[in-house]
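Working notes for the structure below.
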Amino acid sequence: MVATRSKVRRASTPLSSPPPSPPPSPAPPTPSYAFNSSSSSYYTDDQSDSCYGGDHGVNDESEPDTGSNSDDESEYDGNHEEHCDHHSTSLATHCNGRTYAGKRCSRKAHVFEDGMLPVCRSHQWYRGLGDYGKAGRCQARAECSYVCNRIVPYAPPFHFCDEHQKGTEALPCYITRLPTELRLMIFRYLFPSVIKPERVHRIDPESAYTAVLFVNRQFHEEAALLVYSELKFQVRIWPTFIELFGRRWDREDICHIFKELTKALCQPAARRIRHLDVKINFAFMQSNIRGFTGIDRSYEEYELYQLRDTIRKFVEVISPPPSDANPSGLKRLSITPAPSCRQLWQSDEATAAIFFVLQPFSTLRPIGRVVLHSPPRPTLYTYRERNFISVIADLHKDNHYCMGRKQWIALMTFGTEPAKSCQEISEAAALGAAYRKIEDFARLIYKQDAIDRTETDVKQAWTSSIFQGIERVLHIARVAYEDGDLECLKKIHEAILKRWIAAHQQQMQLFAAVAASVSDMFDGDVASRDEGYPEAFDFKDIHPAKQTHEAKDEWPEIPTKPPMPKLKGPGLTVEEKRQKVVVVKDGEKTEWAKTPAVVRQLRAYKQTNP
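In structure tokens:
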């Protein structure tokens, strides 16, 4: 019996080889964040470096092995780490100190203390270095499904050994064991209630902690669904640029003009937004536009049509794709129009301007909840504007504005986009394609001029010569697009073509003159002159350009829709609709969008014809 007990004890000593397979354990031990000597022991010089157990160091007192009183004692009654090779590390047996040369000490460890890294007797002073000499335990799971528990330097909040330092899939993640509802409640504390449109370059106490979106695919799907379905996204729209997601699209800035709107504002993410807060800033007095000085078009209408076009582009970004069988659009839309008082508008003019620029949002209907806020009090820039601040600030008291707001909210909430016939769809597609071609051409002109200005410091070539006044062309194209005038857009194409042909012929004549001068230098020696590029001197087909008038920035060759005339005279009938004014004179019917300029004419007509 005694011999049997001794055999069992010898089999369980640290120097024995581990069993072929460890015993099953119902519950693996939980990880510890700091070192604890009770969870594992260390070795002295007389012990093996490949496993734990045995006698302790000089600071630990060993107790005699009392053995087992039963002949049926199992050989697996010891600690799992004593039999598994996945928990051994040299940090537990060797000194963790450093020599004067900065290299690791090669001696065996003799000093073991709770919560401290093992060291030799020469490096006992490491215990007085604070956190530098502290020890922790690796929290990852080893291949044996137990906690690794290797001793590591103290580095809160998480501890990993060298094997698991680069990442492991066996690290226990307790948040994934929670129900999805509880996990979403935790995620809600990571995000603010409102996502601001601008990029914040400072420490914000309400900033979003978006790192959870990069943890794994599961967290990304759950957190992204929470972000886009519950949080409010703020959008800022000006006549020339849009801000969303900390991104910016600008139709004029050379740093942003070349980017596609769908890429600049990340269309896939924008389509997932369900709660949107939009602020529209307009009615700013800016520099004069070429082609508008002394012409029938004012900058007031230029800015309004430009803003309406910018809003339409934004609506196209957030609209669901046409191929989506079950589109899920916005659940809540909040709009705050913020006109300034620099245009010196009356209440009816400001009301007309607001609902004129809001028209593109109608393609998003129906929306569950729609809010149209009253305009905020504008900023006073000049003394002459002091009497018009109250007009904008008290617009919510105006009966005409209140009635229009109720009608617009009802239309956005309960109305639906009317079905279009095949002919209407094809006409709308042709109209949009013709307008986009003009925009692409203008974008190319701006791009090349911006390159000339930024790289060679040369004055703009296209917008100051043959294509000067291209802003007026864009405005005429926007008006034609809103009126559905495809013929006007085609005439704009023809006008651009004629200007390009004239410019090309003039340029070729200049090249031909230079080529002739260079050719005279060689006295008829064609072989030496050409040097493999005979086409550089071939200008036989170049004819003298016809005498053309100087390119004017007004573009008089493009027929434009005249402004609304004064409403007076016999045989005149005026019909006012929600967004349009129809005038019938001498049997000819003409429609105008209800802009502030049209409202002024309509007001004068009502005063003379009460």
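Heads up, the sequence shown stops at 1188 in our numbering, and the numbers go up one at a time, no gaps.
Just so you know, even glycine gets a beta-carbon here, dropped at the ideal spot from N, CA and C.
Drop a sphere of 10 angstroms on the beta-carbon of asparagine 727, count the other beta-carbons inside from all chains shown, and report buried for 16 or more, exposed for fewer.
buried
Valine 856: which of Pro846, Lys841, Asp828, Val893 sits nearest, CA to CA?
Looking from the CA of valine 856, the closest CA among Pro846, Lys841, Asp828, Val893 belongs to Val893.
Methionine 1142 by DSSP, collapsed to three states: which one?
Correct three-state label for methionine 1142: coil.
So what's aspartate 828 in DSSP terms, helix, strand or just coil?
In the three-state reduction of the DSSP assignment, aspartate 828 falls in the strand class.
Does the structure place the segment 896-912 close enough to the segment 1146-1159 that three or more beta carbon pairs sit under 8 Å?
no
For phenylalanine 966, which of helix, strand or coil comes out of DSSP?
helix
Give every residue of the same chain whose Cβ lies closer than 8 Å to the Cβ of isoleucine 1190, excluding the five residues on either side of it in the sequence, and list them in chain order.
Lying outside 579 to 1188, the shown extent of the chain, residue 1190 is not represented and no answer is given.
Taking 6 Å as the limit between beta carbons, can you name the residues of its chain near valine 949, skipping five residues before and five after?
Ser912
Following the continuous alpha helix (DSSP H) through glutamate 808, name the residue where it begins and the one where it ends.
795-808
Once you ignore the five residues that flank arginine 955 on each side, which residues in its own chain have a CB closer than 8 Å to its CB?
Only Ile967, Ile970, Ala971 meet the Cβ criterion.
In chain order, what residues of the same chain have a beta carbon less than 6 Å from the beta carbon of phenylalanine 933, not counting five sequence neighbours either side?
Gly982
For arginine 814, which beta-bridge partners are listed by DSSP?
Glu821, Lys857
For the segment 986-993 against the segment 937-948, do three or more pairs of beta-carbon atoms, one drawn from each stretch, fall closer than 8 Å, so that the two count as touching?
The segment 986-993 is in contact with the segment 937-948.
Could you spell out the range, first to last residue, of the alpha helix (DSSP H) harbouring tryptophan 986?
977-992
Does the segment 1129-1137 come close enough to the segment 1156-1169 that 3 or more CB-CB pairs lie under 8 Å?
no
Examine the Cβ distances between the segment 996-1014 and the segment 1168-1175 and report whether three or more of them are shorter than 8 Å.
no
Flag aspartate 1061 as yes if its beta-carbon sits less than 9 Å from any beta-carbon of chain C, otherwise no.
Although the question refers to chain C, the structure presented lacks it and comprises just one protein chain.
Does lysine 712 come out as helix, strand or coil in the three-state DSSP assignment?
strand
Taking the C-alpha atoms as reference points, what is the distance between glutamine 717 and phenylalanine 736?
7 Å
Between which two residues does the beta strand (DSSP E) carrying glutamate 1169 extend?
1166-1171
Should proline 917 and alanine 861 be called a contact, given that it needs their Cβ atoms to be closer than 9 Å?
yes
CA-to-CA distance, arginine 685 to glutamine 702, given in whole angstroms
13 Å
Bridge partner(s) assigned by DSSP for threonine 1151
Among the bridge pairs identified by DSSP, threonine 1151 is matched with Val1162.
Helix, strand or coil for histidine 665, going by three-state DSSP, please let me know.
DSSP places histidine 665 in helix when its eight states are reduced to three.
So, under 8 Å CB-CB, leucine 839 and arginine 825 are touching, yes? Tell me the CB distance rounded to an integer number of Å.
Going by Cβ atoms, the distance from leucine 839 to arginine 825 rounds to 10 Å, so no, they are not a contact pair.
Should tryptophan 1078 be labelled buried (16 or more other beta-carbon atoms within 10 Å of its own) or exposed?
exposed
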